[in-house]
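A short write-up of the structure that comes next.
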Amino acid sequence: MLYFLYEWLAETNIPGIGMFQYISFRSGAAIILSLFITTAFGKKMIRILQRKQIGEEVRDLGLEGQIQKKGTPTMGGLIILFAIIVPTLLFARLDNIYILLMLITTAFLGLIGFVDDYIKVFLKNKKGLAGKFKILGQVCLGIFVAATLFMSDDVMVKEHVKGASGSDLREIVVDPQTGQQKLEYVTHDVKSTKTTIPFVKQNEFDYAWLVAFAGDAASWLRWVVYALAIILIITAVSNASNLTDGLDGLATGTSAISGATLGVLAYVSGNVIYADYLNIMYIPHVGELTVFVAAFIGATVGFLWYNSYPAQVFMGDTGSLALGGILAVFSVIIRKEILIPLLCGIFLIENLSVIIQVTWFKYTKRKYGEGRRVFLMSPIHHHFQKKGIHEAKIVARFWIVGIILAVLTIVTLKMR
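First residue of the sequence shown? That's 355 in the working numbering, and the numbers climb one at a time after it.
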């Protein structure tokens, strides 16, 4: 919004107005504003939630300190959503298709989570929104994202032009500033289903390879496969984030770490110089997402002011579903979704612990007549609680693991 104002005032020579053209400046402004919103308005929001008695209903699972959390204000995810959307609207370019996709994702998944929390809190239905409706919403979002990436003319990837020998073509260009000649790759914009895959030489994987056997039909079947992959990623990561939100600050801090990493990946992917140096896919205009992710980081870190142990407010499904979905869609846009199992390893472990626990329990009950457990309790963070480890220490250790995974994710850019 303010960027349009900058374009209008660009010719006025107002001191400092030119700063708005830089992504780094607008990202800094976005993170500062989002931090201010969450910290300054967070306390007021908590008071409103307390006054309206919008508190968490807690089941007694025999966990230390669990009953004391009863009545803690929930639906605090509204603070996070507000702190993401407002700075993005102010400082990002709203004519950028990727920014619009992220805003729609944030609002849509936030709405699904809000409906779930509303049913739990106001209608006193502990089950909340039926799981099938949550998944339906996530599937619809996945289809929308895939359709946008397929149909929008603004979504392109730059690829090297191949010569007759199969090697990348280069041309001599003259630097307009220095007048020096240099060799550069010849590139063209293409619609692509390629993504980044670690540990291989070319560092790229094309979903079209999965349907190469289909002949002429492969040209459209690749987009079907791509859409299915997007749906799977959004559903898995969004629900995994929801499962992770079981300890004070766990999902919030983990999401902030993953978001910061994706921000780095978006910036280098959208910068032709860094992308060429790292030999990774260059995606025009995707660098603008750095402004969005800056607001995301500010919102989650600011929310930790009140959500860290002992939590004064919980984000509820309003926040947890949205955070996971944001990370998923963001990774798809910057073509780094295959890195999600590594980057969001905490989410993956939490999700797998539930799947393993439920599957093993049902299998042993059917075979032996009684259900048996692999973990003392799932998700796995409750397993560690049952072992007597304090909640704050579990969260801190999970954050440390998250940071290690984030570093490994960035390192994969050069490991091939």
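C-beta: ideal position from N, C-alpha, C; glycine also.
Compute the Euclidean distance between the alpha carbons of residue i and residue j, then round it to the nearest angstrom.
i, j, result
"Thr615", "Thr763", "8 Å"
"Asn661", "Met635", "37 Å"
"Thr654", "Leu435", "10 Å"
"Val728", "Phe715", "8 Å"
"Trp753", "Thr608", "6 Å"
"Asp562", "Trp659", "Per the sequence shown, the amino acid found at residue 562 is Ala instead of Asp. So the two alpha carbons sit approximately 45 Å from each other."
"Ile438", "Lys512", "29 Å"
"Phe668", "Val755", "23 Å"
"Leu619", "Ile688", "8 Å"
"Ala394", "Ser381", "20 Å"
"Ser379", "Thr672", "Rather than Ser, the amino acid found at residue 379 in this sequence is Phe. Whole-angstrom Cα-Cα distance: 30 Å."
"Tyr628", "Val765", "14 Å"
"Trp577", "Gly431", "33 Å"
"Ala590", "Lys398", "33 Å"
"Thr582", "Gly485", "As written in the sequence, residue 582 is Leu, which differs from the Thr given in the question. Approximately 19 Å, taken between the alpha carbons."
"Lys481", "Met731", "19 Å"
"Ala648", "Leu604", "20 Å"
"Leu387", "Thr459", "21 Å"
"Ala594", "Leu702", "7 Å"
"Arg720", "Val708", "18 Å"
"Lys740", "Ile748", "11 Å"
"Leu697", "Leu759", "5 Å"
"Leu557", "Ser546", "The residue you asked about is not Leu; residue 557 is Asn in the sequence shown. Their backbone Cα atoms lie some 15 Å apart in a straight line."
"Leu448", "Leu503", "17 Å"
"Arg751", "Asp602", "13 Å"
"Tyr580", "Gly425", "43 Å"
"Leu575", "Ile408", "47 Å"
"Val440", "Glu411", "30 Å"
"Gly467", "Lys478", "16 Å"
"Thr428", "Ala665", "10 Å"
"Met510", "Ala383", "28 Å"
Please work out which residues of its chain come closer than 6 Å, Cβ to Cβ, to residue i, disregarding the five sequence neighbours upstream and downstream, and give them in chain order.
i, result
"Leu483", "Val469, Asp470 and Ile473"
"Leu693", "Thr763"
"Ala746", "Tyr663"
"Phe738", "Ile748"
"Thr392", "Ile433, Ala437, Ala653, Gly656 and Phe657"
Does the beta-carbon of residue i have 16 or more other beta-carbons within 10 angstroms, so that it is buried, or is it exposed?
i, result
"Tyr717", "exposed"
"Gln422", "exposed"
"Gln711", "buried"
"Glu691", "buried"
"Lys488", "buried"
"Tyr376", "exposed"
"Lys548", "buried"
"Val761", "exposed"
"Ser573", "exposed"
"Leu389", "buried"
"Glu704", "buried"
"Asn596", "buried"
"Asp599", "buried"
"Ala571", "exposed"
"His347", "As shown, the chain starts at 355 and ends at 770. That puts residue 347 outside it, with no answer to give."
"Tyr621", "buried"
"Leu767", "buried"
"Thr644", "buried"
"Ala682", "buried"
"Asn367", "exposed"
"Thr606", "buried"
Identify, in the order they occur along the chain, each residue of the same chain with its Cβ nearer than 8 Å to the Cβ of residue i, setting aside the five sequence neighbours on each side.
i, result
"Met769", "Pro552 and Phe553"
"Ile651", "Ile385, Ser388, Ala610, Gly613, Ala614 and Gly617"
"Ile734", "Ile703, Glu704 and Ser707"
"Gly773", "Not covered by the structure: residue 773. The range shown for the chain is 355 to 770."
"Met373", "Phe379"
Starting from the C-beta of residue i, find all residues in its chain whose C-beta is less than 7 Å away, skip the five residues before and the five after it, and write them out in chain order.
i, result
"Phe646", "Thr442, Ala446, Ile453 and Met456"
"Val686", "Val499, Ile584 and Ile587"
"Thr550", "Asn557, Glu558, Ile634, Met635, Arg689, Lys690, Ile692 and Leu693"
Inset, instruction - Please determine if the stretch 391 to 402 and the stretch 628 to 646 are in contact, where contact requires at least 3 C-beta pairs separated by less than 8 Å. - result: no
Inset, instruction - Entirely within the stretch 579 to 649 and at least 4 residues each: give me those alpha helix (DSSP H) ranges in chain order. - result: 604 to 623 and 626 to 632
Inset, instruction - Answer yes if the stretch 664 to 679 comes into contact with the stretch 460 to 469, meaning at least three C-beta pairs across the two stretches below 8 Å, and no otherwise. - result: yes
Legend entry - Sequence ranges, alpha helix (DSSP H) only - wholly within the stretch 372 to 438, length at least 4: 377 to 405
Inset, instruction - Please determine if the stretch 726 to 742 and the stretch 495 to 504 are in contact, where contact requires at least 3 C-beta pairs separated by less than 8 Å. - result: no
Inset, instruction - Jot down the residue ranges of each uninterrupted beta strand (DSSP E) in the stretch 439 to 500, minimum 3 residues, whole runs only, in chain order. - result: none
Inset, instruction - Jot down the residue ranges of each uninterrupted alpha helix (DSSP H) in the stretch 680 to 761, minimum 4 residues, whole runs only, in chain order. - result: 694 to 697, 699 to 722 and 734 to 740
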